[in-house]
């Protein structure tokens, strides 16, 4: 297909004669009128494999033009895509913890694994076992446009397209050289971004083919949380409507505590009696040279300033794509891509937590006489408890790994020590990825049919290096006398020799592959003779094979690591064979009350090698009716599927640290009743109930959890429907309006059991309130304190919440998309005698975004208009992006308005300091000048009002806010130049 013609057609149809500019615009507009002598050209619209004479579609399609990337100063596509009202930001440039070194796309807020990302209508490479595309791998400078299709599209494209499809279209009409460069920096002089690229395109073999080749370099500098006032200090709610110093109870000075009591024959014996180790315990006071009681308000560790706010990135892109007409009926084509992408994450120094056996003799050289006396008293208390237990016919107080603490001269301490001597925890992800595609297409003789067949192979390898980890085994050995003693009492007490003894440099690898082989035949069948045109069809088959492997460092896989998350190996894969078909039936046109009436249908059958999935079918039905030229009504109904990804199926046990509130820390747990009873029955000491955060039960806002795969998962199945109208009134020239209702439901969604760690706790303690319930059995507590802190208990269990994957949940979302395009010619200008105004609006109202943790239970979360520890990222009910541009000869002046409506916290049972985030608006200004025929200069400022993000406390995600949603950089400037020759 002639891409230049397509671009002209898009321009004329989307803006009805205006220059295509700026924001997400429409693809559901009337076809351009054909000039005399023009050959009628068929085009393929995203969401279909059938070539058509127009760009109208029954499915809502939002189109982001290449101009939008230029006017926003965007190098990474995530920055433009995440502004779309249909998108809830996934992992972004501001995702440090959690992070991952990638940029992902979450259409309609139902998960990035449920959005299918294509490049030129074909599957792109993914970055790990989750089978999600990293948007960093797509060359934004070559984009012709981006199509966003709402609704399940599995019948056309296969698995994963539950929320919809996002197709990135690259230019293939480049002729000559194009060289570009861009530089951006914040108004505070930090966060610099630099990009340089070169692209070349040329016809080959006397016009029988065309080749495009490109290369790009991009660098993004880090911004630390300490470089912004709102994120310099970690904040927590103080319970009185304000904030207090937040952070971590694991400090550089160390915090040392014990379990409060041991009960023998109904008598409570206090282990910490006569010491400063009870409750939150004691900390080391360097000025006094001894231990003193830990005071949270004064001693809590502020980990914020050394964490990244904007993560650094360095990227190289190389690639080429070409086509060559071998004969009249055979055109060969190929695509080659290579990406090297490096992204770092930086966290505060490793927090060592857990119960450790401490030899008094080993650590005595580091302690004062008074401190040694306290340890001796603790040892005497433990001996007394053991004596009482023996007399009662009970076994020793400590068993398993803690058994050495039964011996005289050895005590068990809960230790919380931040090893700042090792420096920051730095996680370096360096991904090398390549993709090769070869194909042929052409006409099937003189039959009028066309064929297209291709094979692609993509592979991504991530070399992950983690600095700052600590070996739990070596740390223990340095305290129990089995290795040279380590000094953990006070900040900077660890010597370099000790650091060499306990520190670990971990290296992990991810390898992911995707193979796709697809063949289609398409063409026309017959014409009803009612003016609608011929019936179009497409049939074909596809083979896909996916595999992934995670190879952890031996320290991580053994669990002997503190710092970054431990994890076991992941390895697995599967393949699928598919057949599919599609029909486009123009029934009638140009009749009274029927300007146009069309229906479309598609179906696909997929046979997976996964026994739990087997064979599944998908289908779609669509219709369009235009009673008059000015208005078109449209609708669709689809059933789509998503097979579980490799990580969900075969993922090894992984450790994570979600931010949640343990229900047993709340004041409600103090009152007699089922909540208190369930807390006690699951291992919480009565004395530790209802003490809030920080406390012995929950010292930090994060708890420890473990996650893993499930090889028996079934495929997700969704139903979706949309209906709406496209309005192009002839009495208001150059106006185009579309409005569409969407509804998507996934009935057997794959999710962490119970829908996540916060939901597991909620279901156990607030819903079922039965310690024998399956959700309560996913919770293992610290035998001493009841905390979920990862401590290894004497019986070998670990104090964590376990959340494996399961088909137990459901998701649904619905709402309305509204898109408006209008342009107005003006009879004046600065650089010419005429100019024009162009207005574009793209907005979404989300009615609901509902998550049901357990199908069959009435309990559910509606995250539309909500944010918090359960719903996560704020999901505004109203979200829009609009742009007003003045086109005056070579100069374009453009103002963009981004709006997010107010959101409320999702936990109605907890009174947070910030229960509501107000509406949030940003304005951006850009000037673009065609200095000459071959040179374009663009400069702009984003967030011209320097609007700051909302500041939260205990219900924040990172940096006291939600940095993927709200602007954390402040006023930001960019300048770019593009030269063609």
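In the working numbering, the protein residues as written are 13 to 993. Backbone N, C-alpha and C define an ideal beta-carbon position, used for all residues, glycine too.
**Request:** Check the C-beta distance from residue 2 over to residue 863 and give it rounded, since I have them as a contact under 8 Å.
**Result:** Here the chain covers residues 13 to 993 and nothing more, so residue 2 does not appear.
**Where residue 377 falls: helix, strand or coil (DSSP)** = helix
**Item:** Burial state of residue 769 (16 or more Cβ within 10 Å)
**Value:** By the 10 Å Cβ count, residue 769 comes out buried.
**Asked** Comparing alpha-carbon positions, which option in 614, 951, 480 lies nearest residue 363?
**Response** 480
**Message:** Taking the alpha carbon of residue 230 as the reference point, which residue from 820, 192, 215, 257 has its own alpha carbon closest?
**Reply:** When only C-alpha atoms are compared, the closest one is 192.
**Message:** DSSP has residue 326 in a bridge; who is on the other side?
**Reply:** Its beta-bridge partners are 231, 354.
**Prompt:** Which ranges would you report for the alpha helix (DSSP H) in the stretch 646-724 if only whole runs of at least 4 residues count?
**Reply:** 658-662, 686-693, all fully within the stretch 646-724.
**Request:** Tell me whether the beta-carbon of residue 998 lies closer than 9 Å to the beta-carbon of residue 168.
**Result:** Lying outside 13 to 993, the shown extent of the chain, residue 998 is not represented and no answer is given.
**Three or more C-beta pairs below 8 Å linking the stretch 499-509 and the stretch 460-473** = For the pair of segments examined, the stretch 499-509 was found not to touch the stretch 460-473: the number of CB pairs separated by less than 8 Å stays below three.
**Request:** Decide yes or no for the touch test of the stretch 175-186 against the stretch 965-978: beta carbon pairs closer than 8 Å, at least 3 of them.
**Result:** no
**Rounded C-alpha distance that separates residue 817 from residue 726** = 11 Å
**Item:** Segment limits, beta strand (DSSP E) that includes residue 313
**Value:** First-last for residue 313: undefined, no H or E at that position.
**Request:** Just the C-alpha distance for residue 52 and residue 220, rounded to the nearest angstrom, thanks.
**Result:** Annotation note: pLDDT 43 at residue 52 (below 50); position unreliable, no value reported.
**Prompt:** Taking Cβ positions, are residue 2 and residue 62 nearer each other than 9 Å?
**Reply:** No information on residue 2 is available, as it lies outside the stretch 13 to 993 that the chain covers here.
**Request:** Give the DSSP-derived three-state secondary structure of residue 787 in the structure shown.
**Result:** coil
**Asked** Does the distance from the C-beta atom of residue 846 to that of residue 830 stay below 9 Å?
**Response** no
**Message:** Does the contact criterion of 3 or more C-beta pairs under 8 Å hold for the stretch 269-287 versus the stretch 387-402?
**Reply:** With the cut-off at 8 Å, the stretch 269-287 and the stretch 387-402 touch.
**Request:** Assign residue 771 to one of three DSSP states: helix, strand, or coil.
**Result:** helix
**Request:** Would you kindly work out how many angstroms separate the C-alpha atoms of residue 601 and residue 590, rounded to a whole number?
**Result:** Residue 601 and residue 590: Cα-Cα distance of roughly 35 Å.
**Asked** How big is the Cα-Cα spacing for residue 105 and residue 114?
**Response** 8 Å
**Request:** With residue 630 as the anchor, note down where its beta strand (DSSP E) starts and where it stops.
**Result:** 627-640
**Asked** For residue 939, which of 77, 83, 990 has the nearest alpha-carbon?
**Response** 83
**Message:** Using the Cβ count rule (16 or more neighbours within 10 Å means buried), how would you classify residue 990?
**Reply:** buried
**Prompt:** Where does residue 752 fall in DSSP's three states?
**Reply:** Residue state, collapsed to three classes: strand.
**Request:** Starting from the Cα of residue 288, find the closest Cα among 119, 297, 303 and give me that residue.
**Result:** Minimum Cα distance to residue 288 is reached at 303.
**Request:** Pick helix, strand or coil for residue 2, following the three-state DSSP scheme.
**Result:** Look at the range of the chain in this structure, 13 to 993, and you will see that residue 2 is not part of it.
**Item:** Beta-carbon contacts of residue 703 that lie in its chain and below 7 Å, excluding the five residues immediately before and after
**Value:** 677, 709
**Request:** Report, in whole angstroms, the separation of the C-beta atoms of residue 153 and residue 211, which I expect to be a contact under 8 Å.
**Result:** 7 Å
**Request:** For the beta strand (DSSP E) containing residue 990, list its first residue and its last residue.
**Result:** Per DSSP, residue 990 belongs to the beta strand (DSSP E) from 984-992.
**Message:** By the three-class DSSP mapping on this structure, what secondary structure does residue 976 have?
**Reply:** Assignment of residue 976 by DSSP, reduced to helix, strand and coil, places it in the coil class.
**Prompt:** Taking all protein chains shown into account, do 16 or more other C-beta atoms lie within 10 angstroms of the C-beta of residue 498, making it buried, or fewer, making it exposed?
**Reply:** buried
**Prompt:** If you count every other CB in all the chains shown that lies within 10 Å of the CB of residue 789, and 16 or more means buried, which is it?
**Reply:** exposed
**Prompt:** Comparing the CB of residue 527 with every heavy atom of the ligand HEM, is any distance shorter than 8 Å?
**Reply:** For the structure depicted, the ligand HEM is absent and the ligand set is empty, with no information on it obtainable.
**Asked** Based on the DSSP secondary-structure assignment, which residues constitute the bridge partners of residue 896?
**Response** 851, 907
**Asked** From 488, 982, 349, pick the residue whose C-alpha is nearest to that of residue 470; which is it?
**Response** 349
**Item:** Coarse secondary structure for residue 1, derived from DSSP in three states
**Value:** Absent from the model: residue 1. The displayed extent of the chain is 13 to 993, so no value can be given.
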